[in-house]
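**Q** Chains as they are written, first to last, in UniProt numbering: chain Z, 1 to 496; chain Y, 1 to 496.
Built from N, CA and C at the ideal position, the CB exists for glycine as well.
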C-alpha cells in the first residue's frame, strides 16, 4: 500500500485551509466564495489541490503491480471457452451457471439517426454492479482508495479501478474466487458514510439497459492495507487523466458523479488552464440557457424519438456471422465478440475464460467548448443508443468510431466529426482512455476537448445544446441523463 | 370560459405580497423566509393562497360541461370494436393504423415480493404523451388553464384535465378529429416560458415502460378562450382535491412535478392543518435521514432486486382467458381488458371505439405519516412494478387493491395494509381519485393519508423509509424516482 503521508502532507491540513496550501503548480479546482457553503465541495476542492506525490509515482506503482502479478490473456476459439457455450435454442452465448452475463441479440427500430432498423449482438446483464470508491480523510484531506486491477480486456492489463468493482453475482454469491475485498463497506449499513450513490447507464451500444451503482463511501477508522490498493487524492487522480489508459472507465464515472454531487462549488479554476477556463465561473444569469430550459431541451429530445427494441436470439441477428473464434460482420464494422482465456498469478482468482466484446478501431468522444457571455459552455448532443433505459441521454458533441465511416457517404458522417478533427479548433485535451476491461477487449476511446471561437454559431441543430459545466454536472446528479462517455469527458474537463 | 377576475381578485396582487393577502380560511402553502429565494416557489405559494371563487363553482362548471356535451360510453364485444382486432399471429389487441397503443403480454420474473414469476396482459405505447398545463399571471397571480375533458373510462365522464393531454400520435399526425387545442404552446419553441418539464412513469402494473412529459408552460399574451377550458389558481385546484374524482390523474402528476420543482419553499404551512403539519417545517438537520442517505436508500433498493421482463404474445399469457367481450382471469382478480364505443356530441371528436383496462375493485394508495424530531415524515416504500423503466420507484406506504387479497394467506397481505385500515391511526385525508380515463375504465384509487403516533417505530423494514415531504418532492424532480400514486398523494398532502 502506498502511504500518502510518507511523502509530503506531514502537516495536518484541514479542508478549511485548502485554498492556500496547494503544493502543486496548477490550482484547477477551487472552492466557491463562502456563502455557497457546501462542505463536500470544499473538501473535494482541497483534495484536488493536494498532491503528496507526483502522478508518475502512481504510474510506476501500477507498473510494479503489473510485473508482480503476471497475467496472460489469450484469445481462444469459442469451443475452448470453459463454462461458456452457445445455447442450442437461441444461439445466445451463455455461462453454464446462468449468471454473469449473456451475449444475445437485439432488434432496434428508431426514427433517430440514419439507420431506422437494425439487429446486433448485445450484452445482457441483469444485475447492478457496485462501482464504489472508499474515501477517507488522511492528514485532513480526502483520499480515495484506488485499486490496481487486472481486467482481461485492458490493453495494459492493469489500470486504476475503484475500490470495489463487482456485480451482485460476485458480491452476493460465491463463485470462482473470494468475495470482492472491501465490498462490506458498500453492502453493510453503518460501516461508512455515503457521499454519493446514484445509478448510471453504461455503454448503450453494447449493453442492454445496464446500469451501475456509482457510489463513494467515507470511512473514518482503519482500513486494512493491501498491496493492490493505494490511497490518493483527487489532485493525483486528476493528474493521471493526462496519462493514457491509466484511470479506468469505472473510476472516471464514479468520480464524475462525486464531483457532480458537489458541483455547485467544485469548478475548473483559473490556474493552469487560465486561458481556457473562463473566470468568473458561470453563474445562472450568464449561462446561454437557464437550468430549466436545459432540462426541458433534454426532456423534449427524449420525447422526440421513438426507440422500439426487442430481444432476439443471437442466431437471428442478420448480417453477423459466427465463426470458430469470433462473431462479426463480414465488413468488419462496429465490433466483434471473441473469447479469451485468462491465466493470472493472483492468489484470489484462478484461471478463467470469458467472452469479450472487441470494438473496431479507436473510438472518439469529443466535446466542443466555447465561451458564451464569457463563460465556458460545452456543446452536448442528445444521444440515442439501443441499450439506454431512457433512450436518449446527453452525450459528447461527437461520439463514434471514425473507422466505421470510412468510405461512407458524407451525409451519414456524424455532425461536427470533421470539425473536431480539423485544424480550425484549439485542442485542449487529447488523451486515449479505456472502456471497461471486464467486458470489452482493447476498447479505447480518444477523449478530445476542443475549443471553438466566438464565430461558431450559438444556435445549433435541435439535437445539440450549449450547457455550462455546472449545468451538465447537475444533470449527471440524476440517473440516465448524461451518458458514460460524456461523464468521462466532464471529469477530464476538471483535470484542465 | 370561466373568468377568474369576474369574482374577487379585482386588486392586482403581485406575488411579493402573497403571504399577507390570503382570502380563504386555511393558509396551507407558504413562502419560505427570504434568503431562500425561489421566485417560482413564492409565486406558487401566492397562487395557492388565492381563491377567486369557491371550489364548488368549478364542480358546477364541470357538471355544466357534462350536460352540454352528452357522451355515451357503451361496453361492446371485441368483434364490434371498429378499427381494433386481435393480431392473428400473436393475439395482441391492435389498432389497424398500428398507432395509439397495443394490448400485449408480458412475462415477468423477479426476486421482489411473493410472486416470483408471472404473465399478464399489459399496454404497450411507444410514444411519449405531453401532459401539459398552461400557466399565466392574472391579476398578478399564477393561474392554470384546466380543461373539462371527456375520457371514456371516467366514472363521471368529465374531469379536470391538463390543458393538453395528448400523445404524439395525436399532436404530430392527423387522425380522427383535430390537433389538440393549445398543443402549439408545448411543441413550438418560444411561445411560452417553461416552468417544469420532466419525464415521469405511469402505472407500472398496467403500462410497459410508459412515460409522460409532465410540463407547465407560462404565457404572457392572450390565450383564446374556449368553453371547455378555465383558468384557476393553485388554491382552487388544491381545494378540489377534497372532492372525489374531479382533478384527474394527469393533472395531479403535472402539478406534483410543478410543486416539486420549487419544493424548497412550497410547503404545507400551519393554517388549517396546524395540528397535522409540523412547524417549523423540516430543515435538513431535523430530518430522520440526510438527503444523500435517502437517495442512497432508493439507489440500493433499485439495485437490490432483479426484474427480467419479456414481451410475449397476448395469446401466450397463461391464466387469462379471452372471451367475446373481456380478457380476464377466471378468478376475476387484478383487471380485465374490455372494449367500449364512445358517442360524443363534441364537434371535434367523432365516435370511436377502443379497449380499456378495467381494474377489479377500488385501489388503495395509503401514506403513513408521523412526526419525527417534530417534523412531518412520510413512510415511503420501494415499489417494483413490471412496467417500470427503472424497476423500483418510491411508492406510497401501501399500494394495492385490497379485494385481490380477500381470502389470501395473511403472510401475503401487503405490509401495513391492516394498519392503515385500522382505528389505531388518525385519518388526515381520505378521498377517492381516478386513474387516467383514456386507458382505464372506472379505475378509482382511494387516497389515504393516516398519521401514526410517536410509538410507531422509526426503524422500518428494508423496503420502507421515512422521508420529509421536501425530500420526497426533491426525488420527484427527477425522472423515475417517485411513482405516479406517490406523486398523486404528495400533491394531496399539499391540500391539507
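Just to confirm, are residue 298 of chain Y and residue 384 of chain Y a CB contact at a threshold of 7 Å?
**A** No, the pair does not count as a contact, with Cβ atoms beyond the cut-off.
**Q** Quick one: Cα of residue 333 of chain Z to Cα of residue 289 of chain Y, how far?
**A** Their Cα atoms are separated by approximately 50 Å.
**Q** Report the neighbours of residue 210 of chain Y on chain Z: residues whose CB is nearer than 8 Å to its CB, in chain order.
**A** Residues of chain Z passing the Cβ test: none, with the nearest at roughly 12 Å.
**Q** With contact counted as at least three CB pairs below 8 Å, one residue from each stretch, are the region 398 to 407 of chain Z and the region 210 to 218 of chain Z in contact?
**A** Flag = no, the region 398 to 407 of chain Z and the region 210 to 218 of chain Z do not touch.
**Q** Between residue 82 of chain Y and the rest of its own chain, which residues show a CB-CB distance below 6 Å, the 5 nearest in sequence each way excluded?
**A** Counting only Cβ-Cβ distances below 6 Å, and skipping sequence neighbours, we find 353.
**Q** List the residues of chain Z whose Cβ lies closer than 7 Å to the Cβ of residue 487 of chain Y, in chain order.
**A** Near residue 487 of chain Y there are no residues of chain Z at all, since even the closest Cβ is about 16 Å away, more than 7 Å.
**Q** Return the bridge partner residues of residue 130 of chain Y from the DSSP annotation.
**A** DSSP lists Y:166, Y:213 as partners of residue 130 of chain Y.
**Q** Give the single residue among Z:312, Z:444, Z:186 whose Cα lies nearest to the Cα of residue 361 of chain Z.
**A** Of the candidates Z:312, Z:444, Z:186, the one whose C-alpha sits nearest the C-alpha of residue 361 of chain Z is Z:444.
**Q** Looking at residue 104 of chain Z and residue 314 of chain Z, is the spacing between their C-beta atoms short of 7 Å?
**A** It is a contact, given that the beta carbons lie within the stated cut-off.
**Q** Less than 7 Å separating the beta-carbons of residue 341 of chain Z and residue 76 of chain Z?
**A** It is a contact, given that the beta carbons lie within the stated cut-off.
**Q** Between residue 184 of chain Y and residue 53 of chain Z, what straight-line distance do the alpha-carbon atoms span, to the nearest angstrom?
**A** Using only the alpha carbons, I get a separation of about 59 Å.
**Q** Have a look at residue 238 of chain Y and residue 145 of chain Y and give me their C-alpha separation to the nearest angstrom.
**A** Cα to Cα, residue 238 of chain Y sits roughly 14 Å from residue 145 of chain Y.
**Q** Return helix, strand or coil for residue 473 of chain Z, following the three-state DSSP convention.
**A** In the structure shown, residue 473 of chain Z sits in a helix (DSSP, three-state: H, G or I).
**Q** Just list the beta strand (DSSP E) runs in the region 424 to 490 of chain Z, keeping only unbroken ones of 3 residues or longer that don't cross its boundaries, in chain order.
**A** Listed in chain order, the complete beta strand (DSSP E) runs (minimum 3 residues) inside the region 424 to 490 of chain Z are 426 to 434, 444 to 451, 464 to 468.
**Q** Let me see if you follow: with CB-CB separation under 7 Å, is residue 199 of chain Y close to chain Z or not?
**A** With 7 Å as the cut-off, residue 199 of chain Y counts as an interface residue toward chain Z.
**Q** Taking C-beta pairs closer than 8 Å, name the residues in chain Z that residue 478 of chain Y reaches, listed in chain order.
**A** Within chain Z, the residues near residue 478 of chain Y are 478, 479.
**Q** So which residues on chain Y does residue 311 of chain Z lean against when the C-beta distance must stay under 8 Å?
**A** Those within 8 Å of residue 311 of chain Z in chain Y are 310.
**Q** When you check each C-beta in the region 126 to 147 of chain Z against every C-beta of chain Y, which residues fall closer than 7 Å?
**A** The region 126 to 147 of chain Z vs chain Y, Cβ under 7 Å: 126, 127, 128.
**Q** Three-state secondary structure (DSSP) at residue 232 of chain Z?
**A** Correct three-state label for residue 232 of chain Z: strand.
**Q** Does DSSP put residue 278 of chain Z in a helix, a strand or coil?
**A** Note on residue 278 of chain Z: pLDDT 36, under 50, position unreliable in the model; the coordinate value appears next. Residue 278 of chain Z falls in the coil class under three-state DSSP.
**Q** Helix, strand or coil for residue 246 of chain Z, going by three-state DSSP, please let me know.
**A** Here residue 246 of chain Z sits in coil by DSSP.
**Q** Taking 7 Å as the CB-CB cut-off, is residue 389 of chain Z touching chain Y?
**A** Closer than 7 Å: yes.
**Q** Under 9 Å Cβ-Cβ, which residues of chain Z neighbour residue 195 of chain Y?
**A** Here the neighbours are 292.
**Q** Who are the neighbours of residue 316 of chain Y on chain Z, taking C-beta pairs under 7 Å?
**A** Here the premise fails: no neighbours, minimum Cβ distance about 15 Å.
**Q** Is it buried or exposed, residue 41 of chain Z, if we count other Cβ atoms within 10 angstroms and call 16 or more buried?
**A** Result: buried.
**Q** Secondary structure at residue 314 of chain Z, three-state DSSP: helix, strand or coil?
**A** If DSSP states are grouped into helix, strand and coil, residue 314 of chain Z belongs with the helices.
**Q** Residue 37 of chain Y by DSSP, collapsed to three states: which one?
**A** Low local confidence applies: a pLDDT of 37 at residue 37 of chain Y is under 50, so the model's placement there is unreliable, with the coordinate-based value given in what follows. Coil at residue 37 of chain Y, not helix or strand.
**Q** Quick one, which of Y:125, Y:344, Y:156, Y:309 has its alpha-carbon nearest residue 437 of chain Y's?
**A** Nearest of Y:125, Y:344, Y:156, Y:309 to residue 437 of chain Y, Cα basis: Y:156.
**Q** Does DSSP classify residue 239 of chain Z as helix, strand or coil?
**A** Here residue 239 of chain Z sits in helix by DSSP.
**Q** Does any CB atom of chain Z fall closer than 7 Å to the CB of residue 460 of chain Y?
**A** Not one chain Z Cβ lies under 7 Å of residue 460 of chain Y.
**Q** With residue 155 of chain Y as the anchor, note down where its alpha helix (DSSP H) starts and where it stops.
**A** It is not in any alpha helix (DSSP H) - residue 155 of chain Y carries neither H nor E in the DSSP assignment.
**Q** Which residues in the same chain have their Cβ closer than 6 Å to the Cβ of residue 416 of chain Z, if we skip the five residues on either side of it in sequence?
**A** For residue 416 of chain Z, where only same-chain residues beyond five positions count, the Cβ hits under 6 Å are 397, 398.
**Q** Under DSSP, the alpha helix (DSSP H) around residue 201 of chain Y begins and ends at which residues?
**A** Counting along the chain, residue 201 of chain Y falls outside any alpha helix (DSSP H), though it belongs to the beta strand (DSSP E) covering 193 to 201.
**Q** So, does the CB of residue 102 of chain Y fall closer than 7 Å to a CB anywhere in chain Z?
**A** False, the Cβ-Cβ gap to chain Z never drops below 7 Å.
**Q** Say whether the region 107 to 124 of chain Y touches the region 372 to 391 of chain Y, bearing in mind that this needs 3 or more beta-carbon pairs closer than 8 Å, one atom from each stretch.
**A** Output reads yes: the region 372 to 391 of chain Y touches the region 107 to 124 of chain Y.
**Q** What are the residues that DSSP puts in a beta bridge with residue 147 of chain Y?
**A** Note: residue 147 of chain Y sits in a beta bridge opposite Y:161, Y:229.
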